[in-house]
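Undergrad: Protein chains in written order, with my numbering: chain X, 1 to 149; chain Y, 1001 to 1149; chain E, 2001 to 2073; chain D, 3001 to 3073.
Rendered as structure tokens:
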């Protein structure tokens, strides 16, 4: 599976090792993982995530196709549920024959992930789960139902 | 040591695991390694590298300072000597509180590395070590001694 | 009948209504004071496919999903 | 006396010459048919510090390093 949804925190060392083992003989010249780690800030104990998997899968598949057209490949793992500070909730990676394509793809993929992957984040503070509204972004095309005739 | 020179191929899984262990509690939100893997192409058996370490160290230190000014940190490992196809010769990584700075730094760092790190590459073909002249780039300021008065 | 599904942080059970297009869904939700403040920021999917047209036709049994602002990672 | 050091793929032993500036080193190397084709593409360091000025003064015991085109990674 190129897209993995995991209950609770990720295990970055195991995931990076597994991806490397599975890909290193495929003649990609560049392997760029992005590892997201929950920062300790604003008094949070953890972050918590909801994911809507059917649309996440469609979103990921369309990116995989973009990567494929450049001879590259994407992998991604994301947590659902709670992830404590200093644990990892998100790992994405690009594999590409060429350095330049790899650097461009990881940047574009991670930015579009933040803007359009159907994942909702909550701060966990004193056991309470609070939607991180201020840090959230309306997806592309949002606001359709607010339009008047 | 944030800059490691290693005889022969790197061990990416061990290096990534070690860096992760050493950094994950430092409250960086993003960890982006770039892993370079020797591609099988043009009949090469291996690549081989010469490194001039004093100037590499100066170059790396100046980048570390640029990263520090953005609250970020760089790490790098590179092989000297021979590295066979499908083995890794180069790993760089950025650690940063913020995603955007991390993505920008890894791109700029890796590109400047290719252009200005004092490392020379040779193709190893049938045991012979051939300078990869066509793929090499004159460093910033090159050509000084060709100038006439 | 179509089903309206509220994803992520919108604390709201599914609603089933008669609707022939997304415009009908919009008209319905704009009347609900608890839901109307969300509408500006919601993306819309029909049967798990995102759409950007209010004229999208709806058929009996369709599922309309409302996706509030996201923040993965 | 200063030492000229040839790094990477230039197959050439160190050379020791009298020179008061990089210009003297340039004049010397431009006369060597084996080395002159490299000059267009060489970066120059004095005592491991890269320099971009031919007027850089040289002192007795200095080491001038010549760095051909690079390709790490």
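Ideal placement from N, C-alpha and C gives every residue a C-beta, glycine not left out.
From a predicted model like this one, the values you see are computed outputs, not experimental measurements.
1. Please confirm if residue 2048 of chain E has its CB atom under 7 Å from at least one CB of chain X.
2. At the level of alpha carbons, what is the spacing between residue 145 of chain X and residue 58 of chain X?
3. Please confirm whether residue 1136 of chain Y has its beta-carbon closer than 7 Å to some beta-carbon of chain D.
4. Less than 7 Å between the C-beta atoms of residue 1052 of chain Y and residue 3009 of chain D, yes or no?
5. With residue 2025 of chain E as the anchor, note down where its alpha helix (DSSP H) starts and where it stops.
6. CB-CB under 7 Å to residue 2006 of chain E, same chain, minus the five flanking residues each way: which ones, in chain order?
7. When DSSP labels each residue in this structure, what does residue 24 of chain X get in the three-state scheme?
8. Any beta carbon of chain Y sitting closer than 7 Å to that of residue 3019 of chain D?
9. Which residues share a DSSP beta bridge with residue 3049 of chain D?
10. Using a C-beta to C-beta distance shorter than 7 Å, which residues of chain D count as neighbours of residue 1046 of chain Y?
11. Report the start-end ranges of each alpha helix (DSSP H) in the segment 96-131 of chain X that is 4 residues or longer and not cut off at the edges.
12. Does the beta carbon of residue 1123 of chain Y sit closer than 7 Å to a beta carbon anywhere in chain X?
13. For residue 13 of chain X, count neighbouring Cβ atoms within 10 angstroms of its own Cβ and tell me buried if that reaches 16, exposed if not.
14. Would you please verify whether the beta carbon of residue 3015 of chain D is less than 7 Å from any beta carbon of chain Y?
15. Return the bridge partner residues of residue 87 of chain X from the DSSP annotation.
16. Listing by chain order, which chain E residues have their CB less than 9 Å from the CB of residue 143 of chain X?
17. Which residues of the segment 1022-1038 of chain Y have a Cβ closer than 8 Å to any Cβ of chain X? Give them in chain order.
18. Could you check if residue 26 of chain X is buried or exposed, using at least 16 other CB atoms within 10 Å of its CB as the buried criterion?
19. Buried or exposed, going by whether 16 or more other CB atoms sit within 10 Å of the CB of residue 125 of chain X?
20. Relative to the alpha-carbon of residue 70 of chain X, which residue among X:83, X:48 and X:95 has its alpha-carbon at the smallest distance?
21. Quick check on residue 1017 of chain Y - is its C-beta less than 7 Å from some C-beta in chain X?
22. Taking 7 Å as the CB-CB limit, is residue 107 of chain X close to chain Y?
23. Which value, in whole angstroms, describes the spacing of the CA atoms of residue 1113 of chain Y and residue 1038 of chain Y?
24. May I have the straight-line CA-CA distance separating residue 121 of chain X from residue 46 of chain X, to the nearest angstrom?
25. Output, in chain order, the set of chain Y residues within a Cβ distance shorter than 8 Å of residue 3058 of chain D.
26. Whose Cβ in chain X lies nearer than 7 Å to the Cβ of residue 1010 of chain Y?
27. Within a Cβ cutoff of 8 Å, which residues of the same chain sit near residue 115 of chain X, ignoring the five residues on either side of it in sequence?
28. What does the Cβ neighbour count give for residue 99 of chain X, buried or exposed, with the cut at 16 atoms within 10 Å?
29. Between residue 52 of chain X and chain Y, is there a C-beta pair that is closer than 7 Å?
30. Step through the CB atoms of chain E and report whether any lies within less than 7 Å of the CB of residue 63 of chain X.
31. What would DSSP say about residue 14 of chain X, mapped onto helix, strand or coil?
32. Please look up how many angstroms separate the CB atoms of residue 5 of chain X and residue 80 of chain X, rounded, as I've assumed it's under 8 Å.
33. How would you call residue 2073 of chain E, buried or exposed, if buried means at least 16 neighbouring beta carbons within 10 angstroms?
34. Does residue 3009 of chain D have its Cβ less than 7 Å from a Cβ in chain Y?
35. Taking Cβ positions only, does residue 3070 of chain D come closer than 7 Å to chain Y?
36. Measure from the C-beta of residue 1093 of chain Y to each C-beta in chain D and report whether the shortest distance is under 7 Å.
TA: With the structure as the only source:
1. yes
2. 22 Å
3. yes
4. no
5. 2022-2030
6. 2012 and 2066
7. helix
8. no
9. D:3046
10. From the beta-carbon of residue 1046 of chain Y, no residue of chain D is found nearer than 7 Å; the closest lies around 14 Å away.
11. 99-116
12. Chain X, which has no Cβ nearer than 7 Å to the Cβ of residue 1123 of chain Y, makes this no.
13. Under this definition residue 13 of chain X is a buried residue.
14. Taking CB atoms only, residue 3015 of chain D has no neighbour in chain Y less than 7 Å away.
15. Beta-bridge pairing links residue 87 of chain X to no other residue.
16. 2039, 2040, 2041, 2042 and 2043
17. Within the segment 1022-1038 of chain Y, the qualifying residues are 1024, 1025, 1027, 1028, 1029, 1030, 1031, 1032, 1033, 1034, 1035, 1036, 1037 and 1038.
18. An exposed status is given to residue 26 of chain X, since fewer than 16 other beta-carbon atoms sit within 10 Å of its beta-carbon.
19. exposed
20. X:95
21. yes
22. Chain Y contact via Cβ: present.
23. 16 Å
24. 10 Å
25. Result: empty, since nearest Cβ-Cβ is about 13 Å, beyond 8 Å.
26. Near residue 1010 of chain Y there are no residues of chain X at all, since even the closest Cβ is about 11 Å away, more than 7 Å.
27. 137, 139 and 140
28. buried
29. no
30. no
31. helix
32. Yes, they are in contact, since the Cβ atoms of residue 5 of chain X and residue 80 of chain X sit about 6 Å apart, within 8 Å.
33. Buried, because 16 or more other Cβ atoms sit within 10 Å of the Cβ of residue 2073 of chain E.
34. yes
35. yes
36. Taking 7 Å as the threshold, the shortest C-beta distance from residue 1093 of chain Y to chain D does not fall below it.
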